[in-house]
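Take a look at the structure below.
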Amino acid sequence: MQSPHGSPGWARRWQRVAVAVLAGFGLGLALASWDFAQVLRIAEQRYGDLGPAKGRLQAWQDLLLETRTLAEPDQLAAVNRFINRQLRFVDDRTIWKQQDYWASPVEALIQGAGDCEDYSIAKYFTLRELGVASDKLRITYVKALNYNQAHMVLTYYPSLTAEPLVLDNLINDIRPASQRNDLLPVYSFNAEGVYLPGAGGGKRSGDSKQLSRWQDLLKKMRAEGFAIAEG
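Written out as structure tokens, the structure is:
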């Protein structure tokens with residue numbers, strides 16, 4: 201999906217993407233500790249000399265090692281800052297020659313670029329690997345009012361009824377949702393379901409058992425050497 205810098209038609213695309221994604225999230229997700237030596241070996245087998253990309257992947261590993269014992273607010277800040285610095289915004293049509301492509305974190309870091317969903321996906325998986333519970337994280341579709349475009353961010357709920365914090369590639373500061381008047385929430389989703397905006401974390405509006413592009417992303421990451429299991 202395009203960021204605020206992409207094409208219009210955001211409202212129609214949200215519904216299509218939600219149905220596809222929720223199927224994967226509804227199955228649940230369990231992450232085991234990652235073997236970065238294996239990840240690098242597979243990446244080099246696939247892409248050859250990684251050049252500067254190898255440094256980005258190694259820096260990602262260093263981030264996980266350095267932040268694993270930090271408090272969650274500090275982990276959020278470190279992960280948000282790292283992904284925002286490592287990736288340049290480039291839309292899917294330019295990188296992947298596709299209208300909508302969900303890159304794995306490895307693919308995004310090898311490119312050193314991605315669109316809004318790639319930032320959100322990379323932050324989500326990094327925080328899950330650090331041990332942040334899935335029910336605290338939601339990938340959230342919003343309308344970026346300054347651009348009149350669809351956008352994706354990662355939101356973090358300190359508790360189920362707390363105001364979420366917004367991790368965004370448009371700005372580097374992590375701010376409470378109430379301080380992001382430039383974003384209009386449409387809905388969010390995680391392993392537990394899909395939610396409409398509202399007080400107390402919003403109303404759960406359903407889930408899906410269909411297969412989806414999210415499952416394709418999980419399969420791709422397993423092939424890249426990540427220990428990711430459904431459960």
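Residues in the sequence shown are numbered from 201 upward in steps of one, following the numbering used here.
Beta carbons are placed, not taken as given, at the ideal position from N, Cα and C, and that holds for glycine.
These figures come from a predicted structure and were not determined experimentally.
Buried/exposed call for residue i, threshold 16 Cβ in 10 Å
i      : result
ALA308 : buried
THR269 : exposed
ASP291 : buried
SER378 : exposed
ALA218 : Residue placement at ALA218 is flagged as unreliable, the pLDDT there being 49, under the threshold of 50; the coordinate-derived value follows with that caveat. It counts as buried.
LEU263 : buried
LEU354 : buried
ASP416 : exposed
LEU418 : buried
ALA350 : buried
When the options are compared against residue i, the one with the closest alpha-carbon
i      : options                        : result
ILE321 : GLN245, ALA243, PHE389, PRO273 : PHE389
ASP315 : TRP296, ASP262, SER412, GLY255 : TRP296
GLU272 : TRP414, PRO358, LYS419, PRO397 : PRO358
LEU367 : TYR341, LEU345, GLN258, TYR347 : TYR341
Cutoff 7 Å; reference residue i; Cβ partners in own chain excluding five residues on either side
i      : result
ARG288 : GLY312, ALA313
TRP234 : GLU329, PHE426, ALA427
PHE325 : PRO305
Own chain, CB closer than 8 Å to residue i, minus 5 neighbours either side, in chain order
i      : result
THR267 : ASP274, GLN275, ALA278, VAL279, LEU330
ASN284 : TYR319, ASN369, ASN372
GLN299 : ASP292, ARG293
PRO252 : GLY312
For residue i, three-class secondary structure by DSSP
i      : result
TYR301 : coil
GLY314 : strand
VAL193 : The structure shown has nothing for residue 193, since the chain only spans 201 to 431.
SER388 : strand
PRO397 : coil
ALA427 : coil
Chain-order list of residues whose beta-carbon lies under 6 Å from that of residue i (same chain, five-residue window excluded)
i      : result
LYS343 : LEU384
Hey, is the stretch 241-259 in contact with the stretch 331-344, meaning 3+ C-beta pairs nearer than 8 Å?
-> no
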